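Keeping their order, the protein sequence lines are chains A and B. In this text, residue positions in the first sequence follow the working numbering: the first is 7, and each later residue adds one. In this text, residue positions in the second sequence follow the working numbering: the first is 7, and each later residue adds one. Virtual Cβ for every residue (Gly too), placed ideally from N, Cα, C. Remember, it's a predicted structure, so these values are computed and weren't measured experimentally.
2 protein chains.
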Amino acid sequence: MSNERLIYLPLGGAGEIGMNAYVYGYGAPGKERLMLVDLGVAFPDMDGSPGVDLIVPDIDWLVDNVDRLDGIIITHAHEDHIGGLAHLWPQLKKPVYTRKFTAAIGRLKFEEAGLPQDAIHTVEARPAVVQIGPFAVQFMPVSHSIPESAMLVIDTPAGRVIHTADFKRDPTPIVGEGWDDAAMAALAAEGPVKAVMCDSTNVFSPLPGRSESTLAEPIAELIRAQPGMVVATTFASNVARLKTLAEAGVAADRTICLLGRAMRRMVTTAQETGVLTGFPRTVSPEEAIELPRRNLMLIVTGSQGERRAASAALSRGKYLGIELKEGDTFLFSSKTIPGNERDVLKIVNALSEKGIEIVDDNNGKYHVSGHANRPDLEAVHRLFLPDMLIPMHGEHRHLREHTRLAHEAGLASTVATNGTMLDISGDVPVVVERIQTGRVYVDGTALVGAMDGVVRDRIRMALNGMVMVTVILDEQDEPLGEAWVELMGLAATGLGDRPLAETMEQELTEFLEGAGGKVLSDDDKLDEALKRIVRQVAMEEIGKKPEVRVVISRLATE
Amino acid sequence: MSNERLIYLPLGGAGEIGMNAYVYGYGAPGKERLMLVDLGVAFPDMDGSPGVDLIVPDIDWLVDNVDRLDGIIITHAHEDHIGGLAHLWPQLKKPVYTRKFTAAIGRLKFEEAGLPQDAIHTVEARPAVVQIGPFAVQFMPVSHSIPESAMLVIDTPAGRVIHTADFKRDPTPIVGEGWDDAAMAALAAEGPVKAVMCDSTNVFSPLPGRSESTLAEPIAELIRAQPGMVVATTFASNVARLKTLAEAGVAADRTICLLGRAMRRMVTTAQETGVLTGFPRTVSPEEAIELPRRNLMLIVTGSQGERRAASAALSRGKYLGIELKEGDTFLFSSKTIPGNERDVLKIVNALSEKGIEIVDDNNGKYHVSGHANRPDLEAVHRLFLPDMLIPMHGEHRHLREHTRLAHEAGLASTVATNGTMLDISGDVPVVVERIQTGRVYVDGTALVGAMDGVVRDRIRMALNGMVMVTVILDEQDEPLGEAWVELMGLAATGLGDRPLAETMEQELTEFLEGAGGKVLSDDDKLDEALKRIVRQVAMEEIGKKPEVRVVISRLATE
């Protein structure tokens with residue numbers, strides 16, 4: 007037995023917020039049986055990943071060792087935990103275990119992707135146990151900003167590990183199971199915990215988290231005071247918030263209309279799985295436009311400024327027949343995620359131009375976070391008093407701060423970012439290996455490695471513009487006709503308003519006429535010379551160094 | 007006289023934070039003599055303006071009416087007020103009036119751009135008067151986050167206008183003239199004010215602004231407590247903050263080293279113009295590395311995460327021989343401007359990985375804003391009690407909120423965004439014309455209209471990738487050789503790992519072989535057909551619709 011070990015290996019989520027993917031293993035070194043917890047996505051941005059649809063973790067290591075993988079657990083249905091599953095499962099093809107609401111969401115994704123829905127197994131909450139290889143796993147309900155997040159209680163031959171998943175300590179979460187102090191105390195009383203792997207997202211929030219239930223009254227009061235239509239936006243998956251908003255609307259004599267496919271799907275799935283009950287009656291957009299504005303409330307997608315979501319569409323103009331106007335009120339029952347500020351403010355300003363009243367979260371009056379704040383994390387440290395606390399789900403700064411917190415509580419702790427394999431068999435975590443990890447882009451239907459250069463080329467074209475040169479040579483290496491230049495993303499004219507393409511063509515043609523056979527017969531030399539000329543002209547004429555592609559066509563005898 | 011009017015026309019800054027440019031005019035309609043106040047830049051971003059160097063206002067209207075323009079005033083040396091001057095002055099060629107520090111900064115810019123430095127005239131503060139056409143202008147010193155911001159007192163035949171410029175009500179701003187209540191009261195007592203054009207940046211900040219002088223003690227205390235090197239970053243132009251930081255460092259037994267060209271230039275210019283005195287002795291990076299870490303303090307550029315600034319360089323590794331390490335402290339004596347969060351967090355996380363202690367503004371303990379907050383704006387409304395208050399410098403949401411504030415104070419007010427010409431001769435503002443305005447990109451050495459499509463093409467290439475097709479036809483419209491495809495920014499392989507370019511070439515060549523003379527002889531038809539095939543293959547193979555450029559070469563008889 008002393009030859010076997012318990013390992014922990016984050017492949018995503020440790021060093022970033024997003025694309026969670028954590029591997030646990032038990033067995034002889036290099037022969038551990040493996041279990042994957044979560045397989046999420048991160049979201050692209052124009053700065054670093056233009057044109058990309060989604061970002062998933064690089065799971066090459068897991069694919070190389072797939073014969074040792076016994077199963078996949080999804081802790082909850084947020085995209086940063088489940089979003090990569092349909093894209094990467096075909097490389098793993100192992101059973102997926104999760105609770106019923108999350109399973110329903112997962113099966114919808116599998117259906118769309120043409121994958122077998124029966125690969126997703128519904129499990130019951132603790133005390134039910136799922137055996138995945140050497141791991142006996144219980145799903146302990148915790149509150150979060152989506153129904154049914156599950157803290158994993160993982161019993162292994164080397165001891166018990168608690169994987170908190172995303173959670174907050176909310177005894178009254180409106181929808182789904184709350185944080186149950188007594189049940190948690192009972193769990194803690196069952197015996198020693200070797201390690202807690204713990205959510206770090208809100209480690210910099212100094213005050214205890216507030217309950218979802220604190221929002222109902224302020225929101226109802228706000229809505230009652232509005233003279234026109236009320237539009238509220240929040241995350242589509244925050245089913246509890248949708249209920250709070252809808253009930254507040256009904257209390258203010260308003261009929262509810264949900265806009266946005268993702269939101270309707272979440273509500274339907276939550277209702278079908280029995281997670282959500284008592285949700286007020288909703289009407290279609292067609293019915294909504296027949297109602298007096300002061301009796302209508304829209305709940306819409308797009309709280310982060312997403313360009314294709316309902317919020318953005320409504321800020322631009324009429325959407326599904328509905329148009330906002332002066333006297334209406336728009337409530338952001340949400341916080342802007344860092345990086346989305348510009349998109350959100352674009353919507354705010356567009357609404358402002360229409361004369362709409364805009365209400366933000368008002369320092370938490372109309373929004374609470376779904377993650378455990380610093381004092382809540384400290385409470386969890388004290389509750390389980392594990393041998394070690396390993397921070398997960400956070401940028402480096404979050405993980406480091408969380409480690410510090412653990413040390414203050416007297417717990418062993420270390421920052422383990424993506425690719426860091428820890429041996430957690432003993433009393434303290436020991437780094438045993440560094441695995442090559444990274445990001446993979448879902449780009450259309452293709453998977454592209456972040457380091458493949460494809461997206462780097464896009465960024466270069468966007469920053470520098472593009473010049474395409476065509477040259478035709480005959481079999482004696484003599485130029486046929488003149489060089490041809492196409493510009494993309496570059497100023498059309500340079501100094502003295504000369505057309506830039508013509509200036510380039512002239513210089514290139516002059517060069518070709520004077521060039522010797524040594525250059526003309528050598529594709530590499532010719533390519534290099536032509537690129538140099540193009541860059542030189544561009545720098546002189548418009549002060550830029552564009553990307554250049556040269557196509558040299560050599561016509562052979564027929 | 008009743009035929010003459012006083013007009014106000016924002017060309018930039020009204021509907022955005024940045025690129026301030028405001029026109030005043032007096033005279034018969036359409037024949038007003040004009041004066042321009044400020045000519046600033048806005049900063050590009052990858053989302054909307056990739057590869058662009060700077061954004062300046064579209065001043066076509068002013069250029070069309072340049073014979074009526076009598077002069078240009080610059081209120082202060084922030085880039086969003088002076089940054090466009092060197093780029094656009096060649097189209098205006100009118101005298102520039104500003105105070106000495108700002109004039110020195112302006113002359114440095116003119117020198118670099120090869121423009122005549124004597125076009126910039128240094129003016130004295132009130133009671134000195136500068137006559138610009140029909141406008142008698144006094145420069146009233148106000149406090150801001152750069153030395154020498156000036157509120158303009160503009161006397162016109164139609165009455166007095168106050169143009170606040172960027173300001174805060176700080177009686178003790180450390181460097182430069184403070185807000186002087188007595189002097190302001192004297193100004194207000196001089197007589198009625200027709201209109202106040204007022205900074206709106208901080209209209210959503212509910213508490214009164216705090217003085218720059220409140221920072222010295224907390225920052226000194228912080229620095230004294232640090233065991234290693236201290237690095238502090240703030241805006242290079244915030245000379246007062248640089249002094250506060252440097253003095254705090256000296257008080258903690260540290261020698262100061264300034265890193266970043268912009269910062270050294272600001273300090274030197276402020277010293278040369280007599281605006282800054284008593285700045286502690288600084289050392290070069292070469293001298294700095296010889297000092298014990300706990301006796302060294304760096305003050306560096308890059309508080310907004312700018313990739314080429316000193317902060318970013320230090321977060322990546324050694325910079326000018328200096329390397330940060332565990333035990334050092336990095337202070338952001340600044341606030342992150344919306345949109346820069348991702349770049350700033352990248353630096354924070356890189357520093358976190360090095361084990362550096364990171365300190366942010368700590369809710370204002372280590373940073374104060376340079377703009378008047380809501381209660382300060384209200385105080386200015388009450389001070390001057392103008393007929394009307396026109397909000398300027400702000401996004402639409404700021405302007406609108408500021409208008410609301412003015413209405414609460416019983417003042418006439420309206421939102422006038424860029425291009426809105428107001429007649430302010432009467433008691434209330436009247437919109438008399440809408441001028442075509444917009445944004446112009448400084449792109450390398452070229453000026454490119456935001457609507458020209460150049461940058462749109464860059465964004466498309468970045469989002470969709472690019473395919474370049476080359477086809478050669480002989481004089482009988484017969485294809486010579488096969489179609490040639492180059493991919494840029496696209497996955498190299500499609501379904502079943504087939505090379506995407508080859509699949510496209512195969513389809514294109516097949517099409518060319520089967521195409522009739524009607525298509526082959528018509529460039530437009532052929533271009534369209536080839537593009538369609540490329541897009542179709544791309545969609546099938548990788549699920550994307552790329553940008554396509556086709557080059558058809560027709561070889562003529564020699």
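- Contacts between A/A189 and chain B, judged by CB atoms closer than 7 Å, are missing: the closest CB pair is about 35 Å apart.
- With a threshold of 16 other beta carbon atoms within 10 Å, A/A134 falls short and is exposed.
- Collapsing the DSSP output to three states places A/R555 in a strand.
- Between the alpha carbons of B/A20 and A/L351 lies a distance of about 15 Å.
- Of all residues in the region 378 to 404 of chain A, those with a C-beta nearer than 8 Å to a C-beta of chain B are E401, H402 and R403, reading in chain order.
- Close partners of A/P344 in chain B (Cβ separation under 7 Å): E347, R348 and L351.
- With the rule of 3 Cβ pairs closer than 8 Å, the region 264 to 271 of chain B does not count as touching the region 142 to 158 of chain B.
- The count of Cβ pairs closer than 8 Å, one atom from the region 54 to 68 of chain B and one from the region 382 to 398 of chain A, stays below three, leaving the stretches out of contact.
- Contact annotation, A/L411 with A/L383: C-beta distance approximately 6 Å; criterion of less than 8 Å satisfied.
- By the neighbour-count definition (other C-beta atoms within 10 Å, threshold 16), A/E218 is a buried residue.
- A direct Cα-to-Cα measurement between B/V460 and A/N470 gives close to 11 Å.
- At a Cβ-Cβ threshold of 8 Å, B/V236 and B/T307 do not count as neighbours.
- Just measuring C-alpha positions, the residue of A/G77, A/L561, A/A468 and A/D483 sitting nearest B/G54 is A/A468.
- Take the alpha-carbon of A/K524 and the one of A/D530: they are about 11 Å apart.
- Taking C-alpha positions only, B/P35 is separated from B/R11 by approximately 7 Å.
- Its chain contains H387 as the residues whose beta carbon lies nearer than 6 Å to that of A/A415, once the 5 sequence neighbours on both sides are disregarded; these appear in chain order.
- A/Y28 has A/P16 and A/V43 as its beta-bridge partners, per DSSP.
- Remark: C-beta atoms of B/L91 and B/G112 approach each other more closely than 8 Å.
- Our two residues, A/H82 and A/L17, have alpha carbons roughly 18 Å apart in a direct line.
- Going by beta carbons, A/I548 and A/G502 fall outside the 8 Å limit.
- Separation of A/G400 and A/E347 (C-alpha to C-alpha, rounded to the nearest whole angstrom) is 20 Å.
- When rounded, the separation of the alpha-carbon atoms in A/N368 and A/S309 is 15 Å.
- Counting the other CB atoms within 10 Å of its CB gives B/G522 a total below 16, which places it among the exposed residues.
- Contact note: A/I465 reaches chain B through A468, using a C-beta cutoff of 7 Å and chain order.
- Under DSSP, B/N208 takes part in a beta bridge, and its partners are B/N379.
- Under the DSSP assignment, A/Q137 falls in the beta strand (DSSP E) whose first and last residues are V136 to I138.
- Taking 3 residues as the shortest admissible run, the region 239 to 277 of chain A contains the following complete beta strand (DSSP E) segments, listed from N- to C-terminal end: 261 to 265.
- DSSP, read as helix, strand or coil, puts A/A452 in strand.
- The beta-carbon distance between B/R322 and B/A356, rounded to whole angstroms, is 7 Å. This is short enough to meet the 8 Å contact definition.
- Taken through DSSP and simplified to helix, strand or coil, B/T476 comes out as strand.
- Chain A has no Cβ within less than 8 Å of the Cβ of B/K537.
- Per DSSP, the beta bridge partners of A/A418 are A/M394.
- Within the model, the alpha-carbon separation for A/A258 versus A/L302 is close to 10 Å.
- Within the region 304 to 369 of chain B, the complete alpha helix (DSSP H) runs of at least 4 residues fall at 316 to 322 and 347 to 359.
- By a beta-carbon distance limit of 8 Å, B/P153 contacts B/V281. Their separation comes to about 4 Å.
- A straight line joining the alpha-carbon of A/R175 with that of A/P212 spans about 14 Å.
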